[in-house]
Amino acid sequence: MFAKIFHKHGISSHSKKPKKNDSGGSSMSANLNPRLTVHYGIPATASILACDLIQRLVAVGTLDGRIKVIGGEYVEALLVSPKHIPFKNLEFLQNQGFLVSVSNENEIQVWDLGQRQIASSIKWESNITAFKAIHGTSYMYKAFCIPVYTNTII
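Here the sequence shown is numbered in this note's numbering, starting from 37 and rising by one per residue.
See the structure below:
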């Protein structure tokens, strides 16, 4: 049904020549070219998974900074990080409506699933190697590696 509506409008707008307005330029509607983009399923660049068993949700992190959230009762959302970089950790705060992601650049992002946007974000200077949310709380453990440099004189 939607394809017919967009196809019908697309043919009628492309078959007409753009109208000129009084100032000599083309009309505003002739400059617009609306497109319908559809995505379904798991993204091809999927790299990490997380699940919330209570809410029956699965989150799939990709190599290009997207998170696809899929769940029961026809829940589906696509969260897009402002930085298009891979995630190295992804975890739900169980039954709280939040998802925490850790990027390869050591940025921790807390996503509000109800509003489908980032609720909080913080960048760490050191390399985060492990991450775990404490069950039933809003607290989290993180482990990081501090490089040790030694000078050797031979």
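A virtual CB, placed ideally from N, CA and C, is assigned to each residue, including glycine.
{"query": "At which residues does the beta strand (DSSP E) containing S156 begin and terminate?", "result": "Q153 to K159"}
{"query": "Can you find the residues in the same chain that come closer than 7 Å, C-beta to C-beta, to P79, ignoring five residues on each side of it along the sequence?", "result": "V96, T98, R102 and K104"}
{"query": "Just list the beta strand (DSSP E) runs in the stretch 80 to 151, keeping only unbroken ones of 3 residues or longer that don't cross its boundaries, in chain order.", "result": "82 to 88, 93 to 98, 102 to 107, 111 to 116, 123 to 129, 134 to 139 and 143 to 148"}
{"query": "Identify, in the order they occur along the chain, each residue of the same chain with its Cβ nearer than 6 Å to the Cβ of K124, setting aside the five sequence neighbours on each side.", "result": "V138 and N140"}
{"query": "Which value, in whole angstroms, describes the spacing of the CA atoms of H171 and N69?", "result": "48 Å"}
{"query": "Return the Cβ separation of V146 and F134 in integer angstroms, given the expectation that the two are a contact with Cβ distance under 8 Å.", "result": "6 Å"}
{"query": "Considering only C-alpha positions, which residue in the set F167, I154, N131 and N163 is nearest to I90?", "result": "N131"}
{"query": "Please state whether DSSP places N69 in a helix, a strand or coil.", "result": "coil"}
{"query": "May I have the straight-line CA-CA distance separating G108 from V136, to the nearest angstrom?", "result": "20 Å"}
{"query": "Taking DSSP as the reference, what is the three-state secondary structure of I170?", "result": "coil"}
{"query": "What residues in its chain sit with their C-beta under 6 Å from that of V94, if we drop five residues either side in the sequence?", "result": "C87 and I106"}
{"query": "Can the beta-carbon of S83 be found closer than 8 Å to that of P122?", "result": "yes"}
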